[in-house]
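So the structure is just underneath, and the comments pick up after that.
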Amino acid sequence: MISPERFSNLPDYAFPRLRKLLSDVTPGPDPVVMTIGEPRHGIPDFVAPVLARTVDELGKYPPNDGTPQLLAAISGWIGTRHGIEVGPERITALNGTREGLFNAALALCPERKNGARPAVLIPNPFYQVYAVAAAAVGARPVFVNAAAATGHLPDFTALDASLLDTAAICYLCSPANPQGTVAGRDYLERLVDLAERHDFLIFSDECYSEIWRDTPPPGALAVAEGMGLAHRVVMFNSLSKRSNLPGLRSGFAAGSAEAIARFRVLRSYAGAPIPLPHQRVSEAAWADEDHVTANRALYQEKYAIADRIFGNVPGYLPPAGGFFLWLPVDDGEAAARRLWAEAGVQVLPGAYLSRDTEAGNPGRGFIRVALVGPAAETADALTRIRDTLYGKG
Numbered sequence: 001m002i003s004p005e006r007f008s009n010l011p012d013y014a015f016p017r018l019r020k021l022l023s024d025v026t027p028g029p030d031p032v033v034m035t036i037g038e039p040r041h042g043i044p045d046f047v048a049p050v051l052a053r054t055v056d057e058l059g060k061y062p063p064n065d066g067t068p069q070l071l072a073a074i075s076g077w078i079g080t081r082h083g084i085e086v087g088p089e090r091i092t093a094l095n096g097t098r099e100g101l102f103n104a105a106l107a108l109c110p111e112r113k114n115g116a117r118p119a120v121l122i123p124n125p126f127y128q129v130y131a132v133a134a135a136a137v138g139a140r141p142v143f144v145n146a147a148a149a150t151g152h153l154p155d156f157t158a159l160d161a162s163l164l165d166t167a168a169i170c171y172l173c174s175p176a177n178p179q180g181t182v183a184g185r186d187y188l189e190r191l192v193d194l195a196e197r198h199d200f201l202i203f204s205d206e207c208y209s210e211i212w213r214d215t216p217p218p219g220a221l222a223v224a225e226g227m228g229l230a231h232r233v234v235m236f237n238s239l240s241k242r243s244n245l246p247g248l249r250s251g252f253a254a255g256s257a258e259a260i261a262r263f264r265v266l267r268s269y270a271g272a273p274i275p276l277p278h279q280r281v282s283e284a285a286w287a288d289e290d291h292v293t294a295n296r297a298l299y300q301e302k303y304a305i306a307d308r309i310f311g312n313v314p315g316y317l318p319p320a321g322g323f324f325l326w327l328p329v330d331d332g333e334a335a336a337r338r339l340w341a342e343a344g345v346q347v348l349p350g351a352y353l354s355r356d357t358e359a360g361n362p363g364r365g366f367i368r369v370a371l372v373g374p375a376a377e378t379a380d381a382l383t384r385i386r387d388t389l390y391g392k393g
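Residue numbers (the UniProt record's numbering): 1 to 393.
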């Protein structure tokens, strides 16, 4: 039984905290909200026709693991994108990656590791479901700061060997939310080697992998496969960002046949299957790259806008992928209040996405800005941010 006390020390979710922070602030003129990572580009043209053609399938229970056609489409996409062969038996469909990132911990985290309470390694800042998953399985969360000194990626190799020997799961997000940094092949090889030496699993959250500046980010499963260590990685991805379909709630997990079999057993009892019409849309989406290329170009346009506006700001970090800016400020909460009041731009304090550690809170001196709106709106709002916080360019 999961005790409610396991969740008693979780902080409030970021957006309720933001509403409280700004509750007494009157926004400036022409308010623009840049807090939520909800894609606003158009959905692919094929979505509506597929839904219309398959709507009668709402009268059927959908397969929990995914239709054979969906699993084949995902397998084909992995082969094309990452150059590895991952059969359908190594894939399960998900009702969005958040469900998968949570349920995978329930399915794959042991109750004890080397006689101790298992540790779950979490990059800091991080997607909040990682910490909730650790709490749900009664694991010890270990927050590993991803700051400028470590290239805005967590340095898991710096952890004590005794701690690593109790680690059961390591979460990694690349491109990172919120920093936009990409874990390169060398980084991933070191992490996979560390997982093999200390016997833990890597949960690789790659939901931003198809939004990148110059070069496609490498996938952790492909890197591990090349090392003969694919059993060390479970890869997660979805159609939310890649295909602008966050409401479809469609994603997948891929890994070793053993890990996916255990995951499927849990999901057969506790997972929410994707409705069949949504699976049909997903089949089409994973098989089509034209809409992904067009979508990526829109984000690349906004990278260029951000570089032009903030290029002279000390500490500006051009994102290598994803759709967030991680802007340096003296204090994230004070900056958020000032921007809402003076500029009418709503942003998220970085500290709301991270935890206090002995080395400090790596998000405290940052704000997260979502680049999800149209280019003209984005350019106007980013200019307001620059003029308010850093002085006019």
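The C-beta atom is built at its ideal place from N, Cα and C for all residues, glycine as well.
Since the model is a prediction, treat every value here as computed from it, not as a measurement.
Query	Result
Alpha-carbon to alpha-carbon, THR80 and SER354	35 angstroms
Runs of beta strand (DSSP E) wholly within the stretch 274-336 (minimum 3 residues, chain order)	324-328
Simplified DSSP state of SER238, which is helix, strand or coil	strand
Per-residue DSSP class, three states only, for LEU153	coil
Classification of residue 422 by the beta-carbon crowding that lies within 10 angstroms, buried from 16 upward	Any property of residue 422 remains undetermined from this structure, which presents the chain solely from 1 to 393.
Start-to-end residues for the beta strand (DSSP E) that takes in ALA119	119-124
Distance between VAL234 and PHE203 (C-alpha atoms, nearest Å)	5 angstroms
Touching by the beta-carbon criterion (3+ pairs, under 8 angstroms), the stretch 36-48 and the stretch 249-263	no
DSSP three-state assignment for GLN346, whether helix, strand or coil	strand
ASP214, DSSP secondary structure in three states	coil
Among GLU342, ALA294, GLY332, LEU239, the one whose alpha carbon lies nearest that of ALA93	LEU239
PRO141 in three-state terms, based on DSSP	strand
Whole-Å CB distance - THR54 paired with ARG280, under 8 angstroms assumed	4 angstroms
Beta carbon of ALA168 nearer than 7 angstroms to that of PHE200	yes
Three-state class that DSSP yields for ASP12 in the structure shown	coil
Inter-stretch contact (C-beta, 8 angstroms, three-pair minimum) for the stretch 136-148 and the stretch 115-127	yes
Status (buried if at least 16 other CB within 10 Å, exposed otherwise) for GLY363	buried
Inter-residue Cα distance where the pair is ARG384 and ALA343	6 angstroms
Residue interval of the alpha helix (DSSP H) (run including THR166)	Run containing THR166: none; DSSP gives neither H nor E here.
Residue from SER256, ARG40, LEU229, LEU348 whose Cα sits closest to the Cα of GLU189	LEU229
Where LYS113 falls: helix, strand or coil (DSSP)	strand
Inter-residue Cα distance where the pair is residue 399 and ASP330	The chain is shown only over 1 to 393; residue 399 falls outside these bounds and no answer can be derived.
N- and C-terminal bounds of the beta strand (DSSP E) containing THR383	Run containing THR383: none in the beta strand (DSSP E); it sits in the alpha helix (DSSP H), 375-389.
Buried or exposed by the 16-neighbour rule on C-beta atoms within 10 Å, applied to ASP56	exposed
C-beta atoms of ALA257 and GLU89 nearer than 7 angstroms	yes
Where MET1 falls, given that 16 or more other Cβ within 10 Å makes a residue buried	Because MET1 sits at a pLDDT of 43, beneath the cut-off of 50, its placement in the model cannot be relied upon, and the point is left open.
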